[in-house]
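Visitor: Numbered as in our numbering, the sequence shown ends at 485 without a single skipped number.
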Amino acid sequence: MTTAYQNVPSSVPDVAGAKAEHEREPLVRRLAEHFRRYWQLWVMIAPTLVFVAVFAYVPMWGIQLAFRKFDPDTGLAGGEWVGLKYFDKFFHSALFGQIMTNTIRISLWTLAMGFIFPIILALLINQIGSKRIKGFVQTITYMPHFISVVVIVSMINIFLSPSTGIIGRFFGDESLLGSTTAITTVYWVSEVWQHVGWNSIIYLAALSSVDVSLYEAAKIDGAGRMQLIRHVDIPAIMPTAGILLILNMGSVLAVGFDKIYLLQNALNLPATEVIATYTYKIGILNSQFSYSTAIGLFNTVVNFLFLITANFISKKVSDTSIF
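(1) Could you give the distance in angstroms between the alpha-carbon of L376 and the alpha-carbon of V394?
(2) Tell me which residues share the same chain as F468 and place their Cβ nearer than 7 Å to its Cβ, disregarding the 5 neighbours each side in the sequence.
(3) Might you give, ordered along the chain, the residues of its own chain that have their beta carbon closer than 7 Å to the beta carbon of K231, omitting 5 neighbours on each side?
(4) Does DSSP put R294 in a helix, a strand or coil?
(5) Using three-state DSSP, classify L238 as helix, strand or coil.
(6) Take S337 as the anchor and find which of T265, L322, V299 has the nearest alpha-carbon.
(7) Per DSSP, R230 is paired with what?
(8) Can you tell me which of T462, L270, I363, V312 puts its alpha carbon nearest to the alpha carbon of A403?
(9) Specify, as a first and last residue, the run of the alpha helix (DSSP H) that V358 falls within.
(10) Please report the residue range of the alpha helix (DSSP H) in which R387 lies.
(11) Candidates I278, V212, I422: which alpha carbon is nearest I318's?
(12) Mind the definition here: the segment 196 to 206 touches the segment 429 to 446 only if three or more C-beta pairs lie below 8 Å; say whether that holds.
(13) Look at the Cβ atom of G458, then the Cβ atom of T441, and state whether they are nearer than 7 Å.
(14) Please return the same chain residues whose Cβ sits closer than 8 Å to the Cβ of T455, not counting the five positions on each side in sequence.
(15) Which word fits T263, buried or exposed, when buried means at least 16 other C-beta atoms lie within 10 angstroms of its C-beta?
(16) Counting beta carbon pairs with one atom in the segment 348 to 362 and one in the segment 269 to 277, are three or more of them shorter than 8 Å?
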């Protein structure tokens with residue numbers, strides 16, 4: 163009697179032989195065969211490929227401006243080649259230490275709190291039994307995400323007003339927006355408040371895929387609510403949390419320009435001047451395009467290194483990675 167398992171090995175050499183024969187064919191012929199089979203998929207993704215090429219890869223042509231002295235008469239590629247002159251100028255700038263400290267401090271606080279609070283909110287919402295109440299809580303927490311940054315900053319100014327603000331009146335006559343020590347807290351708290359509901363969606367989706375029998379088995383074993391969260395919910399969302407943390411590490415120095423720029427004033431400027439705002443002032447306001455391009459490229463390279471390092475560590479520790 164011949165079983166299904168006995169038939170499997172006999173077909174393996176045929177498949178391997180066909181694959182080897184296909185790989186020996188000329189590249190042009192293999193590509194033609196590939197597009198003949200999968201042309202529908204290529205047509206579907208063609209608009210996306212064009213979009214990425216035009217708006218992500220074509221602008222990279224301007225990176226060379228970081229290594230040239232910009233000349234408006236000759237264009238991006240016509241200026242004198244100066245090598246790493248503008249990078250060296252930034253590294254030896256009197257503001258380099260202050261800008262890097264501000265950027266790293268604000269970024270890490272926002273990254274850490276923006277990573278932790280969505281997980282906590284998702285775990286709490288998941289514990290709500292009533293679907294109506296759960297939907298109401300989710301809607302309330304999503305809403306700030308759709309408010310524009312300009313409106314958010316206006317609300318922060320009103321709330322933190324020393325005399326009439328609903329929060330600012332508790333901190334005396336000094337405005338928190340003018341304090342160099344409190345502005346970082348104001349920034350990350352407003353960021354968490356605005357995006358915590360939206361960022362918790364993906365964790366709620368991960369929690370919805372947990373097998374209900376795990377909860378039932380844990381309850382039979384005497385597990386309480388906190389033990390269910392600790393031994394069932396948290397392990398279920400850890401792979402998702404790992405992927406999101408790696409992706410966020412890719413923008414660890416990319417403090418959002420618009421909000422921090424709108425929150426800046428003469429009093430808090432020593433604590434809020436970050437790479438994004440400094441690049442804007444140097445490049446757009448002072449017309450030092452080559453210098454600002456070098457600073458922006460340095461920021462991108464550092465973010466890329468953070469992403470690669472976080473992905474490597476995560477892959478070694480938890481076998482979770484994005485590539």
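Yeah, the Cβ is synthetic: ideal placement off N, Cα and C, and Gly gets one too. These numbers come from a predicted model, not from an experiment.
Guide: Let's see:
(1) Mapped onto the sequence shown, residue 376 falls at position 214. Mapped onto the sequence shown, residue 394 falls at position 232. C-alpha separation (whole angstroms): 7 Å.
(2) Position 306 of the sequence shown holds residue 468. Excluding sequence neighbours, F468 sits near M411, G412, V414.
(3) On the sequence shown, residue 231 is found 69 positions in, with the first residue counted as 1. Closer than 7 Å at the Cβ level, and outside the excluded window around K231, lie G241, E242, V244, S452.
(4) On the sequence shown, position 132 is the one that residue 294 refers to. The answer is helix: DSSP assigns R294 an H, G or I state.
(5) As a position in the sequence shown, residue 238 is number 76, starting the count at 1. Strand.
(6) Position 175 of the sequence shown holds residue 337. With distances taken between Cα atoms, S337 lies closest to L322.
(7) If you number the sequence shown from 1, residue 230 lands on position 68. R230 pairs with W243.
(8) The residue given as residue 403 occupies position 241 in the sequence shown. From the listed residues T462, L270, I363, V312, the smallest Cα separation to A403 is found for I363.
(9) Numbered from its first residue, the sequence shown carries residue 358 at position 196. It spans 345 to 361 - the alpha helix (DSSP H) in which V358 sits, taken as one unbroken run.
(10) As a first step, residue 387 is located in the sequence shown; it is residue number 225 there, counting from the start. Counting along the chain, R387 sits inside the alpha helix (DSSP H) bounded by residues 387 to 390.
(11) Residue numbering aside, residue 318 sits at position 156 when the sequence shown is read from its first letter. Of the residues I278, V212, I422, the one whose Cα lies closest to the Cα of I318 is I422.
(12) No, they do not touch.
(13) Counted from its first residue, the sequence shown places residue 458 at position 296. Counted from its first residue, the sequence shown places residue 441 at position 279. Contact flag set, yes.
(14) Along the sequence shown, read from residue 1 onward, the residue named residue 455 stands at position 293. When the five nearest sequence neighbours on each side are left out, the beta carbons in the same chain lying within less than 8 Å of the beta carbon of T455 are those of G224, I225, L227, A228, Y248, G445, in order along the chain.
(15) Residue 263 sits at position 101 when you count from the first residue of the sequence shown. Around the beta carbon of T263, fewer than 16 other beta carbons lie within 10 angstroms, which makes this residue exposed.
(16) The segment 269 to 277 is in contact with the segment 348 to 362.
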